[in-house]
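Chemist: Protein chains in written order, with the numbering used here: chain S, 119 to 387; chain E, 119 to 387.
Each residue gets a CB set at the ideal place from its N, CA and C atoms; glycine is no exception.
2 protein chains.
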Amino acid sequence: MARQVNQSISKGLAAARPLELYQRIKRDLEGRILSGEWPPGYRIPNELELMAQYRCARMTVNKVLSGLAAAGLIERRRRAGTFVSRQHSDSAVLRIPNLHDEVIGRGASYSYKLISRAVRSPRLDDPGEAEFAQGQDLLELGSLHFAGERPFTYERRLISLATVPEAAEVDFGDVSGGTWLMDHVPWSEATHRIGALNATPQIARLLKIAVGEAVLAVERQTWRLREAVTQVWQYFPADLYHLSARFTPSQTSIVEEAEVRHAAAPAPK
Amino acid sequence: MARQVNQSISKGLAAARPLELYQRIKRDLEGRILSGEWPPGYRIPNELELMAQYRCARMTVNKVLSGLAAAGLIERRRRAGTFVSRQHSDSAVLRIPNLHDEVIGRGASYSYKLISRAVRSPRLDDPGEAEFAQGQDLLELGSLHFAGERPFTYERRLISLATVPEAAEVDFGDVSGGTWLMDHVPWSEATHRIGALNATPQIARLLKIAVGEAVLAVERQTWRLREAVTQVWQYFPADLYHLSARFTPSQTSIVEEAEVRHAAAPAPK
DNA sequence: CACAGCCTTATGACTAGGCATAATTGTCGG
DNA sequence: CCGACAATTATGCCTAGTCATAAGGCTGTG
């Protein structure tokens with residue numbers, strides 16, 4: 119029966135780090151998933167292989183994997199194996215609404231129209247944009263999303279070609295930036311800013327509403343590890359859209375969903 | 119890259135699996151913490167005691183506790199024991215913005231004014247309200263929150279006296295409903311709905327803005343375990359307020375914060 | 001009496017191995 | 001030839017028990 123060799127090893131190597139073994143393993147696996155090395159749907163090594171790889175006991179690996187599964191990053195099925203979740207970009211952390219699915223789910227027909235597409239250098243007068251671009255070029259997209267005949271989102275998006283150079287090869291005429299990114303780039307962090315504004319003439323024209331109508335504005339930025347991936351501004355007519363979010367402490371069911379309203383905006387009571 | 123793809127994952131969230139043992143234990147412990155049975159700072163039974171209580175192995179308990187510690191609900195210290203975290207009501211789960219702190223944090227002076235306070239029975243013509251009240255009376259509050267001289271929120275709130283009967287004794291002239299509830303009722307679940315609307319005459323008058331100005335509307339409902347606690351509608355002038363949220367998969371830093379804007383609303387670029 | 005350092009021991013982290021489960025494969029009957 | 005059912009076995013889940021760690025007490029010295 120082998121003695122516990124590993125503890126003394128880890129102590130010698132990582133004396134400065136009080137991090138527990140299973141936390142280091144967890145970090146490592148998270149990194150592989152979020153970096154894209156293990157893409158969504160990938161079957162990760164089983165407990166026995168990981169055990170050998172990290173020179174630890176099976177139960178330690180199991181603890182890590184159970185934790186990641188509870189977090190929604192992976193899914194485990196007996197006999198089948200452990201797979202990187204496809205939805206870790208939505209269910210695990212925050213469900214970034216996929217406009218296509220939202221509209222279809224409400225029974226309306228969805229269509230998408232690309233308005234503009236340009237590769238350009240970041241504006242020097244915009245420090246936020248400069249930091250986002252990291253000295254590389256940006257891809258800027260403007261698009262409209264329709265539910266039935268009505269436009270329900272105008273979207274302006276920046277994609278960092280420093281982080282996602284392959285986006286430069288995509289034409290985005292048929293697939294929206296959000297959909298393409300969700301399928302190709304796992305993200306690890308996101309910030310949202312949600313506000314309201316009165317429709318400017320430009321927005322009113324694009325959304326086919328009156329100037330001054332209330333518009334819900336969502337600004338979102340996502341990162342993969344520490345690299346900025348995309349930044350997007352979305353504008354919704356107030357009577358067509360609202361965001362909803364549900365939070366529970368188990369942290370497994372944090373979900374944000376977007377709904378397309380069919381009735382008029384509910385008046386305050 | 120030779121990627122092994124699993125097809126059945128994309129079918130959506132797991133459909134009510136039989137729930138493993140350690141997940142049941144985890145739920146149970148969460149319940150005790152969130153219900154207030156184990157208040158913040160409480161030292162929970164050690165692994166040996168829990169092992170006996172749940173008739174399982176030590177490692178199973180350890181897995182649960184490690185998970186809860188990673189989620190931030192508890193804190194573990196060798197030799198000292200395991201304690202319920204003091205901050206689980208804000209940082210661990212979701213920080214429900216406390217308007218008072220938000221305003222003060224921005225350097226503006228905060229004031230609060232109660233407009234109306236009434237105990238009443240639920241409206242029979244509102245099924246949502248009936249379900250919320252559970253046959254008991256409701257406490258309805260209307261209030262304004264000011265940043266400096268300007269009103270920046272009009273808030274209408276319902277409190278379920280079935281769940282929080284002691285709220286009937288509070289007069290809410292000095293302390294807002296949200297503040298009082300945060301200090302007295304731990305919550306375990308919350309839903310948000312966020313939208314935009316043009317100011318109605320009533321809202322415009324209260325917020326001292328023009329009729330038709332864009333307003334950010336937040337509807338929030340919270341539960342303690344399965345019992346509804348409160349339901350609130352908040353209306354913010356669009357130029358004064360937006361919500362922001364930051365998400366990461368490590369699950370430790372899920373935070374939502376509200377900011378008071380000082381500049382005008384950023385125009386779309 | 002106060003403080004520092006050693007010692008005890010409660011406590012959490014880990015190892016080792018067996019059990020239960022369900023996806024796959026094989027087999028039989030229509 | 002195809003579908004339903006059973007056997008197989010890879011895989012995740014759980015139990016049992018050992019080891020390292022650090023909080024708090026104890027002892028000895030200034």
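Just the chain S side, please: which residues come within less than 9 Å of H360 (chain E) by C-beta, in chain order?
Modeler: Your numbering for residue 360 (chain E) matches position 242 in the second sequence. Within 9 Å Cβ-Cβ: R311, I312, G313, A314, A335 and E337.
Chemist: For R355 (chain E) versus I327 (chain E), is the C-beta distance shorter than 8 Å?
Modeler: For this step, residue 355 (chain E) is matched to residue 237 along the second sequence. For this step, residue 327 (chain E) is matched to residue 209 along the second sequence. The displayed chain sequence assigns Pro, not Arg, to residue 355 (chain E). Their beta carbons are under 8 Å apart, which means P355 (chain E) touches I327 (chain E) by this criterion.
Chemist: Using a beta-carbon distance below 8 Å, is M177 (chain S) in contact with chain E?
Modeler: Translated into the one-based positions of the first sequence, residue 177 (chain S) becomes position 59. By this cut-off, M177 (chain S) is an interface position.
Chemist: Give me the DSSP bridge partner(s) of T271 (chain E).
Modeler: Here the question's residue 271 (chain E) lines up with position 153 in the second sequence. Its beta-bridge partners are E:H263.
Chemist: Between the Cα of I321 (chain S) and the Cα atoms of S:A335, S:I312, S:G266 and S:T309, which residue gives the shortest distance?
Modeler: What you label residue 321 (chain S) is simply residue 203 of the first sequence in a count that begins at 1. Selected option, being the one with the closest Cα: S:A335.
Chemist: Which term fits R142 (chain E), buried or exposed, when burial requires 16 or more other beta carbons within 10 angstroms of its beta carbon?
Modeler: The residue given as residue 142 (chain E) occupies position 24 in the second sequence. Flag for R142 (chain E) reads exposed.
Chemist: How would you write the range of the alpha helix (DSSP H) that A458 (chain S) sits in, first residue to last?
Modeler: Past the edges of chain S, shown from 119 to 387, lies residue 458 (chain S), and the structure says nothing about it.
Chemist: What runs of the beta strand (DSSP E), each 3 residues or longer, lie entirely inside the segment 171 to 211 of chain S?
Modeler: Fully enclosed beta strand (DSSP E) runs of 3 or longer: 192 to 195 and 199 to 202.
Chemist: Does the beta carbon of S184 (chain S) come closer than 8 Å to any beta carbon on chain E?
Modeler: As a first step, residue 184 (chain S) is located in the first sequence; it is residue number 66 there, counting from the start. For S184 (chain S), the answer is yes, since a Cβ of chain E falls inside 8 Å of its Cβ.
Chemist: Alpha carbons only, please: which of E:G291, E:V182 and E:D244 is nearest the one belonging to R235 (chain E)?
Modeler: Along the second sequence, one-based indexing puts residue 235 (chain E) at 117. Nearest option by C-alpha distance: E:G291.
Chemist: Buried or exposed, going by whether 16 or more other CB atoms sit within 10 Å of the CB of A286 (chain E)?
Modeler: Numbered from 1 along the second sequence, position 168 holds the residue referred to as residue 286 (chain E). Exposed is the call here.
Chemist: Just how far apart, CA to CA, sit G149 (chain E) and S278 (chain S)?
Modeler: Stepping through the second sequence from its first residue, residue 149 (chain E) is reached at position 31. Stepping through the first sequence from its first residue, residue 278 (chain S) is reached at position 160. Distance between the alpha carbons of G149 (chain E) and S278 (chain S): 43 Å.
Chemist: Just to make sure I have the definition right: I need the residues of chain E whose C-beta is within less than 9 Å of the C-beta of A236 (chain S). Which are they?
Modeler: By 1-based counting over the first sequence, the position of residue 236 (chain S) is 118. Ordered by position in chain E, no residue passes the 9 Å Cβ test against A236 (chain S), which lies about 13 Å from the chain.
Chemist: Could you check the C-alpha separation between I214 (chain S) and Y230 (chain S) for me, to the nearest Å?
Modeler: Residue numbering aside, residue 214 (chain S) sits at position 96 when the first sequence is read from its first letter. Residue numbering aside, residue 230 (chain S) sits at position 112 when the first sequence is read from its first letter. With a pLDDT of 48 at I214 (chain S), under the threshold of 50, the predicted position of this residue should be treated as unreliable, and no value is reported.
Chemist: State the start and end residues of the unbroken alpha helix (DSSP H) segment that holds G330 (chain E).
Modeler: Within the second sequence, numbered from 1, the residue matching residue 330 (chain E) stands at position 212. Counting along the chain, G330 (chain E) falls outside any alpha helix (DSSP H), and DSSP gives it neither H nor E.
Chemist: Can you tell which of S:Y353, S:F264 and S:V303 has its C-alpha closest to the C-alpha of S153 (chain S)?
Modeler: Position 35 of the first sequence, counted from the first residue, corresponds to residue 153 (chain S). Checking every option, the nearest Cα to that of S153 (chain S) belongs to S:V303.
Chemist: Quick one: Cα of R238 (chain E) to Cα of Q352 (chain E), how far?
Modeler: Looking up residue 238 (chain E) in the second sequence gives position 120. Looking up residue 352 (chain E) in the second sequence gives position 234. Near 21 Å, if we compare the C-alpha coordinates of Q352 (chain E) and R238 (chain E).
Chemist: Check whether the Cβ of Q349 (chain S) lies closer than 7 Å to any heavy atom of the ligand MG, and answer yes or no.
Modeler: As presented, the structure is devoid of all ligands, the ligand MG included, so that no description of it is given.
Chemist: Helix, strand or coil for W341 (chain E), going by three-state DSSP, please let me know.
Modeler: Here residue 341 (chain E) refers to the residue found at position 223 of the second sequence. Of the three classes helix, strand and coil, the one that applies to W341 (chain E) here is strand, per DSSP.
Chemist: Taking the alpha-carbon positions, what's the D255 (chain E) to P240 (chain E) distance?
Modeler: Within the second sequence, numbered from 1, the residue matching residue 255 (chain E) stands at position 137. Within the second sequence, numbered from 1, the residue matching residue 240 (chain E) stands at position 122. In a straight line, the C-alpha of D255 (chain E) is about 6 Å away from that of P240 (chain E).
Chemist: Along the chain, where does the alpha helix (DSSP H) that runs through L152 (chain S) open and close?
Modeler: For the purposes of this step, residue 152 (chain S) is taken as the residue at position 34 of the first sequence. Unbroken alpha helix (DSSP H) run through L152 (chain S): L139 to S153.
Chemist: Less than 8 Å between CB atoms is the rule here; does K326 (chain E) satisfy it with respect to chain S?
Modeler: Within the second sequence, numbered from 1, the residue matching residue 326 (chain E) stands at position 208. Closer than 8 Å: no.
Chemist: Name the chain S residues whose beta carbon is nearer than 7 Å to that of A188 (chain E)?
Modeler: Locating residue 188 (chain E) in the second sequence gives position 70, where the first residue counts as 1. In chain order: G185.
Chemist: Kindly list, in the order they appear in chain E, the residues whose Cβ is closer than 7 Å to that of K181 (chain S).
Modeler: As a working note, residue 181 (chain S) is residue 63 in the first sequence. Per Cβ cutoff of 7 Å: K181 and S184.
Chemist: So what does L276 (chain E) bridge to, in DSSP terms?
Modeler: To locate residue 276 (chain E), count along the second sequence from 1; it is residue 158. Its beta-bridge partners are E:E258 and E:Q349.
Chemist: Output, in chain order, the set of chain E residues within a Cβ distance shorter than 8 Å of G296 (chain S).
Modeler: Counting from one through the first sequence, the residue named residue 296 (chain S) turns up at place 178. What G296 (chain S) touches in chain E: nothing, since even the nearest Cβ is about 16 Å away.
Chemist: Just to make sure I have the definition right: I need the residues of chain S whose C-beta is within less than 9 Å of the C-beta of G330 (chain E). Which are they?
Modeler: Start at 1 with the first residue of the second sequence, and residue 330 (chain E) comes out as number 212. Here the neighbours are N316, G330, E331 and A332.
Chemist: With DSSP as the reference, label P245 (chain S) as helix, strand or coil.
Modeler: Translated into the one-based positions of the first sequence, residue 245 (chain S) becomes position 127. Residue state, collapsed to three classes: helix.
Chemist: With burial defined as no fewer than 16 other Cβ atoms inside 10 Å of the residue's Cβ, what is the status of E155 (chain E): buried or exposed?
Modeler: On the second sequence, position 37 is the one that residue 155 (chain E) refers to. Burial call: exposed.
Chemist: Per DSSP, what kind of secondary structure is L358 (chain S) in: helix, strand or coil?
Modeler: Within the first sequence, the letter at position 240 stands for residue 358 (chain S). Coil.
Chemist: What is the DSSP secondary structure of G253 (chain S), reduced to helix, strand or coil?
Modeler: Residue numbering aside, residue 253 (chain S) sits at position 135 when the first sequence is read from its first letter. Coil, per DSSP.
Chemist: Classify S227 (chain S) as buried or exposed, calling it buried when 16 or more other Cβ atoms lie within 10 Å of its own Cβ.
Modeler: Counting from 1 along the first sequence, the entry for residue 227 (chain S) is found at position 109. Classification for S227 (chain S): exposed.
Chemist: Kindly list the residues whose CB is nearer than 8 Å to the CB of T200 (chain E), restricted to its own chain and excluding five residues on each side of it in sequence; keep chain order.
Modeler: One-based indexing of the second sequence puts residue 200 (chain E) at position 82. Result list for T200 (chain E): R161, I162, N164, L183, A187, I192, E193 and R194, in chain order.
Chemist: Work out the CA separation of H310 (chain S) and V347 (chain S) for me, nearest whole Å.
Modeler: Within the first sequence, the letter at position 229 stands for residue 347 (chain S). Within the first sequence, the letter at position 192 stands for residue 310 (chain S). Taking the straight line from one Cα to the other gives about 14 Å.
Chemist: Tell me whether R274 (chain S) is buried or exposed, calling it buried when 16 or more other Cβ atoms sit within 10 Å of its Cβ.
Modeler: In the first sequence, counting from the first residue as 1, residue 274 (chain S) sits at position 156. By the neighbour-count rule (16 or more Cβ atoms within 10 Å), R274 (chain S) is buried.
Chemist: Whose C-beta lies closer than 6 Å to the C-beta of S209 (chain S) among residues of the same chain, with five residues either side of it excluded?
Modeler: Position 91 of the first sequence, counting from 1, holds the residue named residue 209 (chain S). With a pLDDT of 31 at S209 (chain S), under the threshold of 50, the modelled position of that residue is not reliable, and the figure given next carries that caveat. Cβ neighbours of S209 (chain S) beyond the five flanking positions: G190.
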